[in-house]
Amino acid sequence: MSLKQIYNIKNIVTVITVTMFFSCNNSLKKVQQMGVSENEPASIAENINMKYTDSGRVTRNLLSPKMLDFSNRDFPYYEFPEGVTLYLFDKNNDKTTIISDYAITYNKTNLIDLQGNVNIITKTNGTLLAEQLFFDQDKSWVFTNKPVTYKTNTDEINGNGFDSNTDFTNAEVLEVTGVISIDE
4 MSLKQIYNIK NIVTVITVTM FFSCNNSLKK VQQMGVSENE PASIAENINM
54 KYTDSGRVTR NLLSPKMLDF SNRDFPYYEF PEGVTLYLFD KNNDKTTIIS
104 DYAITYNKTN LIDLQGNVNI ITKTNGTLLA EQLFFDQDKS WVFTNKPVTY
154 KTNTDEINGN GFDSNTDFTN AEVLEVTGVI SIDE
């Protein structure tokens, strides 16, 4: 083999190698999504018990029989099709309980959308009944613009909307449609 032929073969091999190198696209996201349908969750978990802490203290505890993980979406979320029980703990470790038939947690906004027979039992034994309620985890705030019934130790208030911090010290029923005083 002549020197010219060896030189041509080396050039051809170099061109093929460089072409192959630049044509490979190592997209981790595409690899992760291989085999995952656009409408399917990335994972499914059962018997969820998630605890949120702040400075070593449990501030929230979310329990659910089933969680669907859609973190593979452009707007990631977790869906709880069989409902949730959410415990909120204040600085004195007093507990507020929120129960709903269905929930979605949105990762980017840090909101929990609670739907279907939403029932809140406050640390002072007040209750809130609603069909839908949002919990803003960043601001520790609950709100809705749907019909609600809010029962305190002295009143039962019906309205179209609710706005409160999670301690319920700033609780407000919006567009009040009726108040019933409770005699003890």
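So the sequence shown is residues 4 to 187, counted in this note's numbering.
Cβ coordinates follow ideal geometry from the N, Cα and C atoms, glycine included.
Taking Cβ positions, are residue i and residue j nearer each other than 8 Å?
i, j, result
"D139", "N113", "yes"
"Q135", "V145", "no"
"N52", "L71", "no"
"A106", "F73", "no"
"K126", "D93", "yes"
"T130", "K154", "yes"
Roughly how many whole angstroms lie between the Cα atoms of residue i and residue j?
i, j, result
"T88", "V179", "27 Å"
"D57", "S167", "21 Å"
"F137", "I19", "58 Å"
"D152", "G119", "What sits at residue 152 in the sequence shown is Thr, not Asp. Between T152 and G119, the C-alpha separation is close to 14 Å."
"L91", "D116", "15 Å"
"N161", "F78", "35 Å"
"K98", "I123", "11 Å"
"N42", "G86", "20 Å"
"A174", "N95", "19 Å"
"N163", "I47", "35 Å"
"P84", "N50", "12 Å"
"D141", "I15", "60 Å"
Please classify residue i: is it buried, with 16 or more other beta-carbons within 10 angstroms of its beta-carbon, or exposed?
i, result
"V182", "exposed"
"V61", "exposed"
"L177", "exposed"
"R76", "exposed"
"I9", "exposed"
"S103", "buried"
"F165", "buried"
"T169", "buried"
"I101", "buried"
"T147", "buried"
"T108", "buried"
So who's on the other strand from residue i, going by DSSP bridges?
i, result
"D166", "F146 and E175"
"A106", "F83 and L117"
"D97", "For D97, which the question treats as bridged, DSSP gives no partner whatsoever."
"G129", "None, per the DSSP bridge assignment."
"I160", "Y153 and V182"
"I9", "Note: I9 sits in no beta bridge, so no partner."
In the DSSP assignment, find the beta strand (DSSP E) that holds residue i and state where it starts and stops.
i, result
"S74", "S74 -> no beta strand (DSSP E), and no H or E assigned at all."
"E49", "S46 to D57"
"Q140", "It is not in any beta strand (DSSP E) - Q140 carries neither H nor E in the DSSP assignment."
For residue i, decide whether its Cβ has a neighbour in chain B, counting only Cβ atoms nearer than 8 Å.
i, result
"E85", "Within the model displayed, chain B is absent; a lone protein chain is all it includes."
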